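What follows is one structure encoded as structure tokens, with my remarks underneath.
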Amino acid sequence: MNRDLVLAHLTVITLSPPEMVRVAARTGYQAVGLRLIRVTPHSPGYPLMDDPSLMRETRSALRDTGTRVHDIEFVKLEPELEVADLERFCAAGAELGAARIIAAPYDPDLDRMADRYAALCALAGRYGLGVVLEFFPWTVVPSLADALAIRRRAGAPANGGILVDALHFYRSGSRLSDLDGLDAGVLPFMHLCDGPAHGAEDLPCRLLEARAERLPPGDGALALGALIARMPPGIPISLEVPMERMMAERGAEVVARRVREAAVRLLVGLGSQTTRASSPAFGR
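Right under this line is the structure:
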């Protein structure tokens, strides 16, 4: 089984897109996920759609290294969101050759959220992009089952899927059986990381774990083998493993390499071939 490994931007969030692309290439990744819209006031985003110079530098780095863009993020489905305002964001994704947009559930009105998800899928589709909705235990869509329910409310768009993040899957109490019958059209890729068997109870510590201090795959106690075995075979694996302490002490490139090496060990141990010289485009 061939696997593409994607470096998620949160793993090396202090790197600009062209820097990140070059680090990903040096450390053995096939693709990157780029954060064009910031998530919190304290975490950067890199709005390539508003910065032609940075866009040119990023495209040059992609061309020079042969690295691809797998996904762009991070669209928060909030009450005040105007989906039409994301047109330039989608156009930037298409210019970069991305395959997917990552969206997140932050609207307490689930019907309105489902409508916005459907509208985002429609807009993205005009640019050849898919959309994945990522669930988070601290939001109004805390689990895989809840995310699937939003997708159904939205009419199950053909280019609309769900993003399973290993940490959020286990912290939310999602069940492996919830994955039964779901193919790569619904689960087109996954976020992989590790962590202790049990997370903190209070929200600040849960957010700290998720956004700043995860563990490389295989270094914690999450049942990653069981999860990977139930996911659609051969889908890309994006490594979202922020380790801020290590990055501050040793640098982003060390973190990127450490995370990839851990993932390769885990996947090889599970019987998956994870590396290759080249791989097909991500659905484009």
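FYI, numbering that gives the first Met the number 0 numbers position 256 of the sequence shown as 255, with every residue one higher than the one before it. Each residue gets a CB set at the ideal place from its N, CA and C atoms; glycine is no exception. Remember, it's a predicted structure, so these values are computed and weren't measured experimentally.
Cutoff 8 Å; reference residue i; Cβ partners in own chain excluding five residues on either side
i           : result
proline 241 : Leu9, Thr10, Ile12, Arg210, Ala211, Glu212 and Arg213
alanine 91  : Leu35, Leu47, Met48, Met54 and Ile71
Close Cβ partners of residue i (< 7 Å) along its chain, the five nearest in sequence each way excluded
i              : result
aspartate 110  : Arg152
methionine 112 : Leu76, Pro104, Asp106 and Ile149
arginine 21    : Ala60 and Thr64
Selected residue, minimal CA-CA separation from residue i, among the options
i             : options                          : result
glycine 217   : Ala144, Cys192 and Asp3          : Cys192
aspartate 106 : Arg37, Trp137, Leu85 and Asp179  : Trp137
threonine 39  : Leu119, Val74, Gly224 and Cys120 : Val74
leucine 35    : Val5, Ala196 and Val68           : Val68
leucine 132   : Ala123, Ala146 and Tyr126        : Ala146
arginine 259  : Arg170, Ser173 and Gly27         : Gly27
leucine 221   : Phe135, Ala196 and Asp63         : Ala196
glycine 155   : Pro141, Pro43, Arg125 and Cys120 : The amino acid occupying residue 155 in the given sequence is alanine; glycine does not appear at that position. Comparing Cα positions, the closest option is Cys120.
Rounded C-alpha distance that separates residue i from residue j
i             : j              : result
histidine 167 : serine 52      : 36 Å
serine 59     : alanine 24     : 13 Å
arginine 181  : methionine 230 : It should be noted that the sequence gives leucine, not arginine, for residue 181. In a straight line, the C-alpha of leucine 181 is about 8 Å away from that of methionine 230.
alanine 261   : alanine 255    : 10 Å
leucine 61    : leucine 178    : 34 Å
arginine 249  : aspartate 114  : 44 Å
aspartate 50  : glycine 184    : 32 Å
Where the alpha helix (DSSP H) through residue i begins and ends
i              : result
glutamate 133  : Note, glutamate 133: premise wrong, no alpha helix (DSSP H); beta strand (DSSP E) at 129 to 133.
glycine 65     : It is not in any alpha helix (DSSP H) - glycine 65 carries neither H nor E in the DSSP assignment.
aspartate 114  : 109 to 124
isoleucine 36  : No alpha helix (DSSP H) holds isoleucine 36; DSSP gives it neither H nor E.
isoleucine 227 : 223 to 229
leucine 265    : 251 to 268
valine 20      : 16 to 25
Beta strand (DSSP E) segment containing residue i, residue limits
i                : result
aspartate 145    : Here aspartate 145 belongs to no beta strand (DSSP E); instead the alpha helix (DSSP H) covers 143 to 152.
methionine 189   : 189 to 191
leucine 238      : 236 to 238
proline 104      : 99 to 104
phenylalanine 95 : Position check: residue 95 holds leucine in this sequence, whereas phenylalanine was assumed. Counting along the chain, leucine 95 falls outside any beta strand (DSSP E), though it belongs to the alpha helix (DSSP H) covering 86 to 95.
alanine 7        : 4 to 7
Other residues of its chain near residue i: CB distance less than 6 Å, five sequence neighbours each side excluded
i             : result
threonine 274 : Because threonine 274 carries a pLDDT of 40, less than 50, the predicted location of this residue cannot be relied on, and no value is offered for it.
arginine 55   : none
Problem set entry | Every unbroken alpha helix (DSSP H) within the segment 169 to 218, with a cutoff of 4 residues, ordered by chain | 202 to 211
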